[in-house]
Amino acid sequence: MTTALIATSALARSYAMGKTSVAALRGVDLTVQPGEFVALVGPSGSGKSTLLHLIGGLVRPSAGEVWVHGLELGRSSDAELVAYRRDTLGFIFQSFNLLPIKSAWENVAVPLMLAGVPLATRKARALTLLEQLGLAARADHRPAELSGGEQQRVAIARSLANRPRLLLADEPTGNLDSRTGKEIMNLLQRLVRDEGLTMLLVTHDMGVASFADRIVHLRDGMIERIEAVGRDGG
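Letter by letter, the sequence shown follows residues 1 to 234 of full-length UniProt numbering.
Pasting the structure below:
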């Protein structure tokens, strides 16, 4: 084992389409160090979302290994994967996936509720996160009363509720205009730096990818090249 937070070795994933097997990911070797911000880019069908889902423990590999924080996900039990996703990961999606009948703070508190945290504690944590993300005044508003950028900030706050080590983001600016998208990326970049988080982000937008430390270019299920960027994106 290495000190890497994420380490994949000959990682592969195939899907059955009728009688045909389609290789979505083919022999990927990738390491991500703690505190790194890595973007996965590539055309549709390149394998970037499949790689994110494998690292998120949402699907299992067809071959190879994927280690995250000392856990080999392919050999882990379903219960271990549930605990891994609950305790280690924060997910951010293109569609904000907020509960429409819940207020902003209640949406942020959902992971804490699932973890059995008492109401007063989870509300205090949710309100603190919303304040940090500039939404203290919107804590009691429902998603329909928030702008797209505000909804994504609520979703980001929710992803941080359980103090994850790793954030996984799938096209987090896909439903936002360019100005709001840049604000969200500045926020995510700051969170990685200030909170010591590690982040893996899937995007088709090279402007979004430029906020990362490294850009991993995928094509046909394989890593084509890895580009060092630094933290001066945008």
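Just so it is clear, CB atoms sit at the ideal spot from N, CA and C, and this is done for glycine as well.
With a threshold of 16 other beta carbon atoms within 10 Å, K19 falls short and is exposed. Assignment of S178 by DSSP, reduced to helix, strand and coil, places it in the helix class.
Taking the C-beta atoms as reference points, G149 is found nearer than 7 Å to T180. Judged by pairs of C-beta atoms under 8 Å, the region 192 to 206 does not touch the region 150 to 159, as fewer than three such pairs exist.
Under the three-state reduction of DSSP, V117 is assigned to coil, being neither helix nor strand.
Taking each of A212, S14, L58 and G74 in turn and checking the Cα distance to R86, the smallest one comes out for L58.
Take the alpha-carbon of S76 and the one of N107: they are about 29 Å apart. As DSSP reads the structure, H217 sits in a beta bridge with V41 and R225.
Rounded to whole angstroms, the separation of the alpha carbons of G64 and T8 is 8 Å. According to the DSSP assignment, R86 belongs to the alpha helix (DSSP H) that extends over D78 to T88. For F211, DSSP records no beta bridge to any residue.
For L112, the three-state secondary structure derived from DSSP is helix. The count of Cβ pairs closer than 8 Å, one atom from the region 33 to 53 and one from the region 88 to 108, stays below three, leaving the stretches out of contact.
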